[in-house]
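Going by my numbering, the sequence shown opens with residue 1451, and the numbers climb by one from there. Before any comments, here is the structure.
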Amino acid sequence: MKIVGVYSIKGGVGKTSSTVNLAYLAAEAGHRTLVWDLDPQGAASYFFRVKPKIKGGGRALLRGKRALDDIIKGTDFELLELLPADFSFRNMDILLEGAKKKPIRQLQRLLKPVVGDYDYVFFDCPPSISLMSENIFRAADALMVPLIPSTLSERTLLQLKDFLRKQEGFGALKLLPFFSMVDPERSLHQDTIERLSAKHKGVLEARIPLSPEVERMGIHRMPLPAYAPSNPASSAYRALWEEVAEAL
Ligand SMILES: Nc1ncnc2c1ncn2[C@@H]1O[C@H](COP(=O)(O)OP(=O)(O)OP(=O)(O)O)[C@@H](O)[C@H]1O
Ligand SMILES: [Mg+2]
């Protein structure tokens, strides 16, 4: 089982859209796939038409009163399952802080019983850097980091790299930054992509274009490649998935 966190400190950069589309593509390729919606906003749950609610909330989950496989829901797509968000996840840091031991390894612990059930797990992460994020970094094999090619995106990437460098035990965590919401008309985007790709090792080649079709996922409430498989943005997500699968 490989675990991929789709993560950024920044909000609104395309984490949820990417999680939903990549997980769909992984399942479509025949892999048993789980999306864990860790964001109390519940956007990934919304896209999969699953109610963002866990009986007893995050507390019941962390205290072992609810088993993970009790909460996992099916989606409309074969091989693709979802662990919905719960609004109580907004208090996750406090709950994690209260864990009797190893507050930074709780996600890893919770996933143990389902290790054999999935080929890929995707975390849709909330935009923050917190104890929850640290749990994500400990549990994941790789972090995909969407970057909008603007001046601030490098700062975000540097902050994350700096954080990971200062903590112990993240040596094996693969950082997979990629460009998201790329506008081919904007020269600033093209310049930023060239500059950051040359400067930072490991930036993926696939680029997700700025596309109204991606925005329409909220209307269709399903992954983009499920309703527009030949749209250029679907092809971009496909290329991205192939690169990630290769890197894992
Ligand atoms: N490639 C794209 N082209 C156009 N719009 C996009 C693209 N990717 C995402 N969006 C839109 O941008 C908004 C933010 O995207 P998304 O929810 O995926 O980001 P996020 O990083 O998960 O946000 P948050 O930090 O709030 O969880 C959404 O309205 C989404 O439809
Ligand atoms: Mg999101």
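Virtual Cβ for every residue (Gly too), placed ideally from N, Cα, C. Everything numeric in this text was worked out from a predicted model, so none of it was measured.
Please work out which residues of its chain come closer than 6 angstroms, Cβ to Cβ, to residue i, disregarding the five sequence neighbours upstream and downstream, and give them in chain order.
i       : result
Ile1658 : Ser1630, Ala1686
Gly1452 : Checking the sequence, you will find Lys at residue 1452 rather than Gly. Cβ within range, chain order: Tyr1570, Asp1591, Leu1698.
Leu1593 : Gly1455, Tyr1457, Leu1625
Phe1539 : Pro1490, Gly1508
Phe1537 : Pro1490
Ala1476 : Thr1483, Tyr1570
Thr1525 : Phe1498, Leu1532
Leu1472 : Trp1691
Need the endpoints of the alpha helix (DSSP H) that residue i sits in, please.
i       : result
Ala1494 : 1493-1497
Pro1662 : 1662-1665
Thr1469 : 1465-1478
Met1451 : No alpha helix (DSSP H) contains Met1451, which DSSP labels as neither H nor E.
Tyr1677 : 1674-1677
Leu1545 : 1542-1547
Arg1588 : 1581-1589
Glu1604 : 1601-1616
Glu1692 : 1682-1697
Leu1533 : Careful: Leu1533 lies outside any alpha helix (DSSP H), inside the beta strand (DSSP E) at 1530-1533.
Leu1561 : 1556-1561
Can you list, in chain order, the residues of its chain with a C-beta nearer than 7 angstroms to that of residue i? Leave out the 5 residues immediately preceding and following it.
i       : result
Tyr1474 : Phe1527, Leu1530, Pro1673, Pro1675, Ala1676
Ala1656 : Phe1628, Ala1686, Ala1689, Leu1690, Glu1693
Thr1469 : Val1456, Val1485, Ala1494, Phe1572, Asp1574
Lys1523 : Val1500, Glu1531, Leu1532, Pro1534
Asp1567 : Arg1482
Ala1589 : Ile1453, Leu1557, Gln1558, Leu1561
Glu1604 : Leu1646
His1639 : Pro1599, Val1632, Asp1633
Ala1479 : none
I believe residue i touches residue j by the beta-carbon criterion, under 8 angstroms. Please report the beta-carbon distance rounded to the nearest angstrom.
i       : j       : result
Phe1572 : Val1485 : 5 angstroms
Take the Cβ of residue i as the centre, count every other Cβ of all protein chains shown within 10 Å, and call the residue buried at 16 or more, exposed below.
i       : result
Pro1599 : buried
Gly1548 : exposed
Ala1622 : exposed
Leu1602 : exposed
Gly1668 : exposed
Ala1517 : exposed
Gly1508 : buried
Ala1648 : exposed
His1670 : exposed
Leu1512 : buried
Leu1608 : exposed
Gly1492 : buried
Asp1612 : exposed
Can you name, in chain order, every residue of its own chain whose Cβ lies under 8 angstroms from the Cβ of residue i, other than the five neighbours on each side?
i       : result
Ile1708 : Because the chain here runs from 1451 to 1698, residue 1708 falls outside it and cannot be looked at.
Leu1581 : Met1542, Asp1543, Leu1546, Glu1547, Pro1553, Ile1554
Asp1519 : Pro1563, Val1564, Asp1567
Gly1652 : Lys1624, Leu1625, Leu1626, Pro1627
Could you give the first and the last residue of the continuous beta strand (DSSP E) run that contains residue i?
i       : result
Ala1592 : 1592-1597
Arg1516 : No beta strand (DSSP E) contains Arg1516, which DSSP labels as neither H nor E.
Ile1658 : 1657-1659
Leu1654 : Careful: Leu1654 lies outside any beta strand (DSSP E) and carries neither H nor E.
Pro1490 : Premise fails: Pro1490 is in no beta strand (DSSP E) and is neither H nor E.
Any beta-carbon of chain C closer than 8 angstroms to the one on residue i?
i       : result
Gln1558 : Included in the structure is just one protein chain, with no chain C present.
Validate contact between the region 1647-1662 and the region 1621-1635 using beta carbons, cut 8 angstroms, 3 pairs: Counting C-beta pairs with one atom in each stretch, the region 1647-1662 and the region 1621-1635 have three or more that are closer than 8 angstroms, which means they touch.
Could you tell me whether the region 1455-1466 touches the region 1498-1515, where touching means 3 or more Cβ pairs closer than 8 angstroms? The region 1455-1466 is not in contact with the region 1498-1515.
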